[in-house]
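Student:
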DNA sequence: CCACTAACGCAACGATCAGTGCGATAATTT
DNA sequence: AAATTATCGCACTGATCGTTGCGTTAGTGG
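Chains as they are written, first to last, in our numbering: chain W, 1 to 188; chain R, 1001 to 1188.
(1) Output yes if chain W places a C-beta closer than 8 Å to the C-beta of residue 1157 (chain R); else output no.
(2) Of the choices W:64, W:98, W:14 and W:150, whose alpha-carbon is the least far from that of residue 38 (chain W)?
(3) In angstroms, rounded to a whole number, what distance separates the CA positions of residue 21 (chain W) and residue 46 (chain W)?
(4) Measure how close the beta-carbons of residue 34 (chain W) and residue 1114 (chain R) come, nearest whole angstrom, since I'm counting them as under 8 Å.
(5) On the DSSP letters alone, give me the boundaries of the alpha helix (DSSP H) that residue 1023 (chain R) sits inside.
(6) Could you run through the region 1057 to 1086 of chain R and flag, in chain order, every residue whose CB is less than 7 Å away from some CB of chain W?
(7) So which residues of chain R does residue 112 (chain W) contact, with C-beta pairs closer than 7 Å?
(8) Scan the region 1043 to 1103 of chain R and note each continuous beta strand (DSSP E) run of 3 residues or more that stays entirely inside, going in chain order.
(9) Could you spell out the range, first to last residue, of the alpha helix (DSSP H) harbouring residue 1174 (chain R)?
(10) Give the secondary structure of residue 158 (chain W) by DSSP, where H, G and I count as helix, E and B as strand, and everything else as coil.
(11) Quick test of the definition: if touching needs 3 or more C-beta pairs under 8 Å, does the region 126 to 142 of chain W touch the region 50 to 69 of chain W?
(12) I'd like to know if residue 166 (chain W) contacts chain R, where contact means its C-beta is closer than 8 Å to some C-beta of that chain.
(13) Label residue 1185 (chain R) either buried or exposed according to how many other C-beta atoms from any shown protein chain fall within 10 Å of its C-beta, with 16 as the threshold for buried.
(14) Return the CA-CA distance between residue 72 (chain W) and residue 165 (chain W), expressed in angstroms with no decimal places.
(15) Is the Cβ-Cβ distance between residue 1110 (chain R) and residue 1177 (chain R) less than 8 Å?
(16) Quick one: which chain W residues come within Cβ less than 9 Å of residue 1176 (chain R)?
(17) To the nearest whole angstrom, what separates the beta carbons of residue 1130 (chain R) and residue 1144 (chain R), a pair I think is in contact under 8 Å?
(18) In this structure, does DSSP put residue 3 (chain W) in helix, strand or coil?
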């Protein structure tokens, strides 16, 4: 980790291999079953030698963690509509559309199954984004919301439907979710 | 499915094998990593020949589905405290304690990672239990709640914290969750 | 108690996976 | 441009997985 004796080299070739491997993981999870995601299979799909995967990632669990974090980080723009309700509604609707995609769900499922850190990798950046929205409302002079409880009431139902129920939530439903959540804050 | 040419035989030996295999799956998921859950490994732990697992379940995905459904079905008693709030609070607190157990979480994670049906297997009976609580309130003359939306607001945050955040929710937090949910119903 | 057969154990096989040593390639620094 | 070395490809090996055919055990109904 902090071993500076070996300097990292993120140049052209490594980046291309990384991108090809990530794409191969997403494609395999979209087509085949989850058990088919072995390192040799990913290597063959990516046009890379299996040894490379064994050395760079070591196991499918670490590979899935890497794929999940890079897939669910920086993919959504945090909106600035001028009001908290508008920001939350637009953002949560984007999250809903993202989470309604079957291929995206396959990545999330595989990441969750790879270990305790897999689920966190899917929502860490979502929490950061929600924190940014809430902080901006504070700068406007609005209420100081708790990020964790907001995540519970907004992301909770959304991800629950996506993972634990047959059909995921719609963007419209996400917007009504924001409305009812903000209503509970006004009437404690 | 409806093929009655082969009659099922759930007698003593089959039941013992099934129980031993289920216990072996739970133990392996509690100790080793998720990738270590192969059919030969489960067979060795259960004291059963691997061929039996290949024939009865075929793959780890179907085995995990079977384990999840039997683990999360009929394990909680639906309370009858006389009031909707009491029933929900007692029940959701039990769900919270169940979902806070690391071994239980490992089974859930593995089931989710095995495919789209894995997550449903973990919550199908929870929905039935919630439906029973709501139906009883109706019989008392109370409000007619929607089971799906109740699951969204009660089970959603609970399972979200369990799967997507480092530390799961506590039973006390589950009780406050019920209070705030019932408050939103009174002030629409 | 006897016949029937579902379910299990056993042995063997090909296929695939996981890992290692070594040389080649290319990114980075001087 | 040359030297350095992180990174990748290749060939090879042992271990493990997934599957099949066949005999044995033990539930189930007559």
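Even glycine gets a Cβ: it sits at the ideal position worked out from N, Cα and C.
Tutor: For this structure:
(1) Taking the first residue of the second chain as position 1, residue 1157 (chain R) is located at position 157. So, interface residue.
(2) As a working mapping, residue 38 (chain W) is identified with position 38 in the first chain. The shortest Cα separation from residue 38 (chain W) among W:64, W:98, W:14 and W:150 belongs to W:64.
(3) On the first chain, residue 21 (chain W) is found 21 positions in, with the first residue counted as 1. On the first chain, residue 46 (chain W) is found 46 positions in, with the first residue counted as 1. So the two alpha carbons sit approximately 5 Å from each other.
(4) Stepping through the first chain from its first residue, residue 34 (chain W) is reached at position 34. Stepping through the second chain from its first residue, residue 1114 (chain R) is reached at position 114. About 6 Å; that satisfies the 8 Å criterion.
(5) By one-based count along the second chain, residue 1023 (chain R) stands at place 23. For residue 1023 (chain R), the uninterrupted alpha helix (DSSP H) run begins and ends at 1012 to 1031, by DSSP.
(6) Of all residues in the region 1057 to 1086 of chain R, 1059, 1060 and 1061 have a Cβ within less than 7 Å of some Cβ in chain W.
(7) Taking the first residue of the first chain as 1, we reach residue 112 (chain W) at position 112. Simply 1109, 1112, 1113 and 1163.
(8) Taking only runs of at least 3 residues, no beta strand (DSSP E) segment lies wholly in the region 1043 to 1103 of chain R.
(9) Within the second chain, the letter at position 174 stands for residue 1174 (chain R). From DSSP, the alpha helix (DSSP H) with residue 1174 (chain R) extends over 1171 to 1186.
(10) The residue labelled residue 158 (chain W) in the question sits at position 158 within the first chain. For residue 158 (chain W), the secondary structure class from DSSP, reduced to helix, strand or coil, is helix.
(11) No, the region 126 to 142 of chain W does not touch the region 50 to 69 of chain W.
(12) Reading the first chain from its first residue, position 166 is the one you call residue 166 (chain W). Yes, its Cβ sits closer than 8 Å to a Cβ of chain R.
(13) As a first step, residue 1185 (chain R) must be located in the second chain, where it is residue number 185. Flag for residue 1185 (chain R) reads exposed.
(14) On the first chain, position 72 is the one that residue 72 (chain W) refers to. On the first chain, position 165 is the one that residue 165 (chain W) refers to. For residue 72 (chain W) and residue 165 (chain W), the gap between their C-alpha atoms comes out near 21 Å.
(15) Against the second chain, residue 1110 (chain R) aligns to sequence position 110. Against the second chain, residue 1177 (chain R) aligns to sequence position 177. Between residue 1110 (chain R) and residue 1177 (chain R), the gap from beta carbon to beta carbon reaches 8 Å or more.
(16) Taking the first residue of the second chain as 1, we reach residue 1176 (chain R) at position 176. Those within 9 Å of residue 1176 (chain R) in chain W number zero; the least Cβ separation is about 10 Å.
(17) As a position in the second chain, residue 1130 (chain R) is number 130, starting the count at 1. As a position in the second chain, residue 1144 (chain R) is number 144, starting the count at 1. The C-beta separation of residue 1130 (chain R) from residue 1144 (chain R) comes to about 14 Å, leaving the pair out of contact by the 8 Å criterion.
(18) Residue 3 (chain W) sits at position 3 when you count from the first residue of the first chain. For residue 3 (chain W), the pLDDT reaches just 38, beneath the cut-off of 50, and the residue's location in the model is therefore unreliable, although a value from the coordinates is still provided. In this structure, residue 3 (chain W) counts as coil in the three-state DSSP scheme.
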